[in-house]
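Protein chains in written order, with this note's numbering: chain A, 5 to 216; chain B, 5 to 216; chain C, 5 to 216.
Idealized CB from N, CA, C, for every residue including glycine.
Keep in mind the model is a prediction, meaning the values are calculated, not measured.
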Amino acid sequence: MLLINIFVFIGIIAAAVSGSLVGMKKRLDWFGVICLAVATALGGGIIRDVMIGHLPPVAFIKPIYFFVSVGTALITCIFYERITKLQNVIMLSDAVGLGVFTAVGANAAVMNHVHEPFLVVSMGLITGIGGGILRDIFAKDIPYVFRKEVYAIASILGAVSFLLTYNSVSHIFALYICLFITFVVRVVSFYYNVHFPVLKSDSAIGEEVKHS
Amino acid sequence: MLLINIFVFIGIIAAAVSGSLVGMKKRLDWFGVICLAVATALGGGIIRDVMIGHLPPVAFIKPIYFFVSVGTALITCIFYERITKLQNVIMLSDAVGLGVFTAVGANAAVMNHVHEPFLVVSMGLITGIGGGILRDIFAKDIPYVFRKEVYAIASILGAVSFLLTYNSVSHIFALYICLFITFVVRVVSFYYNVHFPVLKSDSAIGEEVKHS
Amino acid sequence: MLLINIFVFIGIIAAAVSGSLVGMKKRLDWFGVICLAVATALGGGIIRDVMIGHLPPVAFIKPIYFFVSVGTALITCIFYERITKLQNVIMLSDAVGLGVFTAVGANAAVMNHVHEPFLVVSMGLITGIGGGILRDIFAKDIPYVFRKEVYAIASILGAVSFLLTYNSVSHIFALYICLFITFVVRVVSFYYNVHFPVLKSDSAIGEEVKHS
């Protein structure tokens with residue numbers, strides 16, 4: 005489990021950086037930045053653990069994830085300029101994070117419950133994108149993953165690949181397959197700029213938006 | 005239980021339509037619309053199941069509700085113009101949904117726990133309005149039910165009627181009484197435009213709003 | 005336990021007042037004001053109970069807290085002008101509330117689980133500030149505690165003092181130590197206007213905020 009743990013920490017750090025950057029854009033001070041970093045890094049896992057009834061959530065039992073998030077937030081505050089220049093590193097770490105969170109989430113469902121396929125995929129997805137949703141709610145944004153469907157689609161494809169393989173191959177190998185699929189879908193869609201069209205809003209919708 | 009299930013599906017569809025319409029007003033693309041539809045349709049039940057410790061929530065065990073919500077969202081996207089013209093159908097389905105969600109929620113409390121009256125009514129109310137609250141948080145609105153108290157009042161009256169009757173009559177009959185009371189209160193208040201006065205804001209409050 | 009219960013009610017009332025005032029600033033009507041008051045007063049305890057798996061949460065089993073919150077909201081609506089003049093009373097009650105919620109939260113963790121220090125402090129903090137976070141999410145604000153770090157710091161210091169003492173002294177005495185420490189930190193920082201600097205936003209961040 006050593007290697008997968010390294011990926012988990014990459015994911016935690018990438019999520020904490022993403023939360024910190026949103027916090028700095030919203031002009032929060034260092035404490036607010038830490039709050040957003042922690043929410044982004046730990047939120048998905050906490051929501052998943054609540055859903056599968058694994059209480060208290062792992063995030064409260066293993067404080068290391070919390071302290072890594074706090075440290076990442078402080079480093080991001082200090083080296084803000086340099087970090088924002090590392091666009092590619094951020095994106096790749098983010099994709100690793102999405103993949104490993106999905107894998108760990110789907111696995112947690114299998115470990116705790118009957119192997120209901122829908123539940124396994126849901127828990128992978130919730131762990132993958134839950135932190136980002138929490139970050140955006142706290143930051144008063146409509147969740148970013150609602151606008152960039154590739155996150156959810158990459159996570160769902162990863163979770164499905166875990167579901168299809170974990171009975172035939174070793175658990176750990178299924179985790180890597182999930183991580184790999186999610187990562188590839190996310191990165192390819194980024195570099196080829198894949199995205200799905202926004203539904204054309206007709207004038208009626210536009211009107212309502214104006215008046216609401 | 006056949007008939008009550010039909011009402012549940014009417015409620016799921018009405019909630020998904022309501023979530024989809026909010027999503028389209030916010031100019032989300034098809035994926036964001038699906039997210040809001042699912043959150044509105046399943047959110048209340050999920051929050052209730054978390055509260056009563058019935059984990060994982062029913063919504064993850066019975067994927068049919070999820071898929072009906074997704075289907076409803078897609079249909080709403082495609083037939084947006086026609087659906088918005090069905091104001092009365094939407095309102096009536098919405099009232100059925102509020103009633104059946106309240107009934108199912110109050111019943112879930114009774115099935116899982118001691119028959120603490122406050123808990124039963126709370127769970128009816130949370131199931132009835134929780135999805136709408138989640139929808140509005142995701143859509144960056146102050147929850148609509150905070151502004152239109154008739155939803156909560158209809159739901160509370162329905163849940164209380166369930167509470168008063170489920171020991172004297174059969175469970176299923178108490179469910180219908182709850183559905184009927186909630187539905188009637190909601191519909192009557194709609195057609196007679198019943199609403200409670202907003203507290204007059206004095207100038208001091210107005211000032212604070214401006215500066216906040 | 006008599007005295008600590010009096011402090012709990014002071015805390016509930018202070019939280020309900022704070023929720024009500026936010027609701028009135030947002031021009032919600034009496035029903036929305038009640039919703040925000042209840043969310044602020046009960047939210048922290050409910051989130052904590054979900055996290056430690058103590059379901060259904062105490063707030064649903066002991067309706068007295070709910071009814072006190074509702075009553076407080078109505079009184080705040082009626083005597084708005086007079087209440088807003090009691091700045092010092094509000095602040096001191098708020099500090100009592102933060103202290104007692106932290107104490108009760110840390111104690112709930114100890115009562116329900118292994119005595120994992122991180123979990124105990126987290127549960128104190130979540131109970132202390134969770135209601136305020138919920139209030140601000142419902143009111144469409146970035147959580148106030150993200151901007152005023154003194155709340156979290158006071159609560160964490162209180163919870164740590166509970167953690168350090170509850171094995172050496174009686175439980176009830178440790179609760180009072182926690183309440184006292186939290187209260188003093190909060191009040192002193194208020195009167196001496198202690199706050200931590202917002203990270204200077206450079207022009208790049210400012211730009212992004214403008215365009216987002």
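So what's residue i in DSSP terms, helix, strand or just coil?
i                      : result
residue 73 of chain A  : helix
residue 90 of chain C  : coil
residue 148 of chain B : helix
residue 58 of chain C  : coil
residue 143 of chain B : coil
residue 52 of chain A  : helix
residue 29 of chain A  : helix
residue 165 of chain A : helix
residue 104 of chain C : helix
residue 116 of chain B : helix
residue 172 of chain A : coil
residue 263 of chain B : Not covered by the structure: residue 263 of chain B. The range shown for chain B is 5 to 216.
residue 180 of chain C : helix
residue 121 of chain A : helix
residue 4 of chain A   : Because residue 4 of chain A is not part of the residues shown, which for chain A are 5 to 216, the question remains open.
residue 211 of chain B : Model confidence at residue 211 of chain B stands at a pLDDT of 37, short of 50, so the residue's coordinates are unreliable; what they give is reported in the following sentence. In the structure shown, residue 211 of chain B sits in a helix (DSSP, three-state: H, G or I).
If residue i and residue j are in contact, beta carbons under 8 Å, what's the gap, nearest whole angstrom?
i                      : j                      : result
residue 44 of chain B  : residue 138 of chain B : 7 Å
residue 42 of chain A  : residue 22 of chain A  : Not a contact, Cβ separation roughly 12 Å.
residue 150 of chain B : residue 39 of chain C  : 5 Å
residue 218 of chain C : residue 134 of chain C : Lying before the first or after the last residue shown, residue 218 of chain C is absent from chain C, which here runs from 5 to 216.
residue 65 of chain C  : residue 120 of chain B : 6 Å
residue 111 of chain B : residue 175 of chain B : 7 Å
residue 46 of chain B  : residue 70 of chain B  : 7 Å
residue 144 of chain B : residue 144 of chain A : 7 Å
Can you list, in chain order, the residues of its chain with a C-beta nearer than 6 Å to that of residue i? Leave out the 5 residues immediately preceding and following it.
i                      : result
residue 14 of chain C  : 97, 100
residue 207 of chain C : Low per-residue confidence applies at residue 207 of chain C: pLDDT is 37, beneath 50, and the placement is therefore not dependable, though the value from the model is reported in the following sentence. The answer is none, since no qualifying residue turns up.
residue 185 of chain A : 161, 162, 165
residue 51 of chain A  : 130, 134
Beta-carbon within less than 8 Å of residue i's beta-carbon, same chain only, minus the 5 sequence neighbours each way: which residues are those?
i                      : result
residue 36 of chain C  : 27, 30
residue 81 of chain C  : 24, 28, 34, 37
residue 78 of chain A  : 34, 38
residue 214 of chain C : In this predicted model, residue 214 of chain C has a pLDDT of only 36, less than 50, meaning its place in the structure is not dependable; the value taken from the coordinates is given anyway. Answer for residue 214 of chain C: no residue qualifies.
residue 146 of chain B : 140
residue 172 of chain A : none
residue 271 of chain A : Nothing can be reported for residue 271 of chain A, as the shown portion of chain A is limited to 5 through 216.
residue 9 of chain C   : none
Here's a check: name, in chain order, each residue in its chain whose Cβ is nearer than 7 Å to the Cβ of residue i, leaving out the five neighbours to either side.
i                      : result
residue 197 of chain C : none
residue 11 of chain C  : 100, 104, 183
residue 170 of chain B : 114, 178
residue 205 of chain B : Note on residue 205 of chain B: pLDDT 43, under 50, position unreliable in the model; no value is reported.
residue 54 of chain B  : 61
residue 194 of chain A : 95
residue 187 of chain B : 99, 100, 103
residue 90 of chain C  : none
Using a Cβ-Cβ distance under 8 Å, would residue i count as near chain F?
i                     : result
residue 31 of chain C : Within the model displayed, chain F is absent; protein chains A, B and C are what it includes.
* Does the region 116 to 132 of chain A touch the region 60 to 73 of chain A, meaning 3 or more C-beta pairs lie closer than 8 Å? -> no
* Asked: Are three or more beta carbon pairs between the region 21 to 31 of chain A and the region 24 to 33 of chain C nearer than 8 Å?
  -> no
* To do: Count the C-beta pairs between the region 129 to 141 of chain B and the region 150 to 160 of chain B that are closer than 8 Å, then say yes if the count reaches three, no if not.
  => yes
* **Inter-stretch contact (C-beta, 8 Å, three-pair minimum) for the region 95 to 107 of chain C and the region 159 to 179 of chain C** => yes
* Stretch pair the region 10 to 29 of chain B + the region 89 to 102 of chain B: three plus CB contacts closer than 8 Å -> yes
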